[in-house]
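Adding 8 to a residue's 1-based position in the sequence shown gives its number in our numbering. Think of the CB as a built atom: it goes at the ideal place given N, C-alpha and C, for glycine as much as any other residue. Just so it is clear, the structure is predicted and the values come from calculations on it, not from any experiment. Below is one structure, written out as structure tokens, with a few remarks after it.
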Amino acid sequence: MRKILVLAPHPDDEVLGVGGTIAKWASEGDEVYVAILTCVKAPDFDEQISVVGRQEAQLAHQFLGVKKTIFLDLPVLALDSVGHVKVNQAITDLMRSVSPDVLFIPFIGDVHQDHKWFANSAMVASRPFYDFAPSTILAYETL
């Protein structure tokens, strides 16, 4: 049994990018964790969007066999307001808590700025000198 961690910048990225793989590996007995990294926040967005997004993500994850869904609640489209150091630390703390064997990250070439940001942060958190670093890192594309 492996521990799989999927980093999803936004709710649905993980389903669009690796939903079939999540379902396959979960059905084979692997523990799959999904971390939704951002959420919408007022005043830029109606916070009801975030509530509905969480509910839909949890339903989809239950259907796919995800063991645990984690929400980091970083600000969507405003990661620069948090800064690289804090985002890197949030991902590192997440990696430490899950200690995955396999890590799925957004493709650094995706068009969306949040995807690029998290791809870089995931690589920082996956440095091989960490005892919780995954043995396998895979990138998925969602544009």
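Coil, strand or helix - residue i by DSSP
| i | result |
| --- | --- |
| I30 | helix |
| V132 | helix |
| T150 | coil |
| F115 | coil |
| A16 | strand |
Span separating the alpha-carbon of residue i from that of residue j
| i | j | result |
| --- | --- | --- |
| E149 | F112 | 10 Å |
| D38 | A31 | 10 Å |
| S129 | H92 | 8 Å |
| M9 | V90 | 36 Å |
Residue i vs residue j beta-carbon contact at 8 Å
| i | j | result |
| --- | --- | --- |
| R104 | F137 | no |
| A98 | L80 | yes |
| G27 | L72 | yes |
| D52 | L87 | no |
| T77 | Q66 | yes |
Residue i versus the options, residue with shortest Cα-Cα distance
| i | options | result |
| --- | --- | --- |
| S134 | K75, D118, S107, K124 | S107 |
| S143 | V110, L85, A34 | V110 |
| V119 | L13, D21, V14 | D21 |
| V23 | V40, L102, N96, E36 | V40 |
| V42 | K49, W33, V48 | W33 |
| V84 | L13, W125, K11 | W125 |
- Message: Quick check on the DSSP output: what are the complete alpha helix (DSSP H) runs of length 4 or more inside the segment 33-95, in order along the chain?
- Response: 55-72
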